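Some notes on the structure that comes next.
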Amino acid sequence: MEAVRDRAPDAILIGDGKRNDIGSTAERYAMALFDRWGFDAVTVNPYLGSDTVRPFSERAEKGIYLLALTSNPGAEEVQGHGGPSGPLYLHIVHLAAERWNEHGNIGLVVGATKADRLAGVRAAAPELPWLLPGIGAQGGDLEAAVAAGLAEGAAPGLINASRSILYASGGEDFAERAGEEARRLADSITRAKEQRA
1038 MEAVRDRAPD
1048 AILIGDGKRN
1058 DIGSTAERYA
1068 MALFDRWGFD
1078 AVTVNPYLGS
1088 DTVRPFSERA
1098 EKGIYLLALT
1108 SNPGAEEVQG
1118 HGGPSGPLYL
1128 HIVHLAAERW
1138 NEHGNIGLVV
1148 GATKADRLAG
1158 VRAAAPELPW
1168 LLPGIGAQGG
1178 DLEAAVAAGL
1188 AEGAAPGLIN
1198 ASRSILYASG
1208 GEDFAERAGE
1218 EARRLADSIT
1228 RAKEQRA
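Position 175 of the sequence shown, counted from 1, bears residue number 1212 in this note's numbering, the numbering being contiguous throughout.
Here it is as structure tokens:
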């Protein structure tokens, strides 16, 4: 972490651990992630309820991204299941927007692999920022991610691509290839934004 802070002191560091547990353990996770490791924001599993989200969200100067609609193929088995009020992921979105965000530091993890659901999630909570995994190796829809995740008038979105950059090469040209892949993605995002303008 120190090396990253030294090289990019203004970068926002997100601990993508998807952590949570009962209240006392969640408090320790929050302490470790924010105080020991120094992350600016973390991803949090909200499925244990508000008392387990609170140890993270009460850190008003830090950000948390709640898992809402994740990018993995099996997410639909749980997150897509619902009742009369809709799927579970929309229930999480409503809780985050209407009840849990007292410090204005909660955002959502919304997978770019769920292109047909992105606009609905954005409409449900335009004021919440997004972390958008699933671009790159998972094959998420970049145009849909830009349209909903970076929508005009909505809270900002961060498009995340890890494996496609980290594993762009396994050889000695790793750093060069990773840089090329990161620039390619940045250019693709810029083009998608320009096409919407």
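Note that the Cβ used here is the ideal one computed from N, Cα and C, for glycine as well.
In this text the structure is predicted, and so the values were computed from the model without any measurement.
* To do: Determine the extent of the beta strand (DSSP E) in which D1088 is found, giving its start and end residues.
  => Counting from one through the sequence shown, the residue named residue 1088 turns up at place 51. Segment 1087-1094 is the alpha helix (DSSP H) holding D1088; no beta strand (DSSP E) there.
* Under 8 Å, do S1094 and N1142 count as touching if we go by C-beta distance? -> Sequence index remark: in the sequence shown, residue 1094 carries index 57 (1-based). Sequence index remark: in the sequence shown, residue 1142 carries index 105 (1-based). Yes, the pair counts as a contact, with Cβ atoms nearer than the cut-off.
* Should K1230 go down as buried or exposed, given a rule of 16 or more other Cβ atoms within 10 Å for buried? -> Along the sequence shown, read from residue 1 onward, the residue named residue 1230 stands at position 193. Exposed, by the Cβ-count rule.
* Near M1068, which residues of its chain fall below 8 Å by C-beta distance, leaving aside the five closest residues on each side in sequence? -> The residue labelled residue 1068 in the question sits at position 31 within the sequence shown. Within the same chain, M1068 has no close Cβ partners at all.
* Start and end residues, beta strand (DSSP E) containing K1099 -> Indexing the sequence shown from 1 puts residue 1099 at position 62. Under the DSSP assignment, K1099 falls outside any beta strand (DSSP E); it carries neither an H nor an E label.
* At a cut of 8 Å, does the region 1164-1176 reach the region 1190-1210 through at least three beta carbon pairs? -> The region 1164-1176 is in contact with the region 1190-1210.
* Asked: Taking the continuous beta strand (DSSP E) assigned at I1143, which residues delimit it?
  -> The count along the sequence shown starts at 1 and reaches residue 1143 at position 106. In the DSSP assignment, I1143 falls within the beta strand (DSSP E) that extends over 1143-1147.
* What is the rounded straight-line gap between the Cα of H1131 and the Cα of I1101? -> On the sequence shown, residue 1131 is found 94 positions in, with the first residue counted as 1. On the sequence shown, residue 1101 is found 64 positions in, with the first residue counted as 1. Roughly 15 Å separates the two Cα atoms.
* Asked: Helix, strand or coil for I1196 per DSSP?
  -> Counting from 1 along the sequence shown, the entry for residue 1196 is found at position 159. I1196 carries a strand assignment under DSSP once its states are collapsed to helix, strand and coil.
* Who are the near neighbours of A1223 in its chain, counting only those whose CB is closer than 8 Å to its CB and skipping five residues on each side? -> Numbered from 1 along the sequence shown, position 186 holds the residue referred to as residue 1223. Here the set comprises nothing.
* **Whole-angstrom C-beta distance between V1183 and I1129, which should lie under 8 Å** => Your numbering for residue 1129 matches position 92 in the sequence shown. Your numbering for residue 1183 matches position 146 in the sequence shown. Separation of the CB atoms of I1129 and V1183 is rounded to 23 Å, and the pair is thereby denied contact status at 8 Å.
* If you draw a straight line from the C-alpha of V1079 to the C-alpha of E1217, how long is it? -> In the sequence shown, counting from the first residue as 1, residue 1079 sits at position 42. In the sequence shown, counting from the first residue as 1, residue 1217 sits at position 180. Whole-angstrom Cα-Cα distance: 27 Å.
* On the premise that L1145 lies in contact with A1133, defined as a C-beta separation below 8 Å, what is that separation, rounded to the nearest angstrom? -> Working through the sequence shown from its first residue, we reach residue 1133 at position 96. Working through the sequence shown from its first residue, we reach residue 1145 at position 108. That belief holds up - the Cβ atoms of A1133 and L1145 are roughly 6 Å apart, short of 8 Å.
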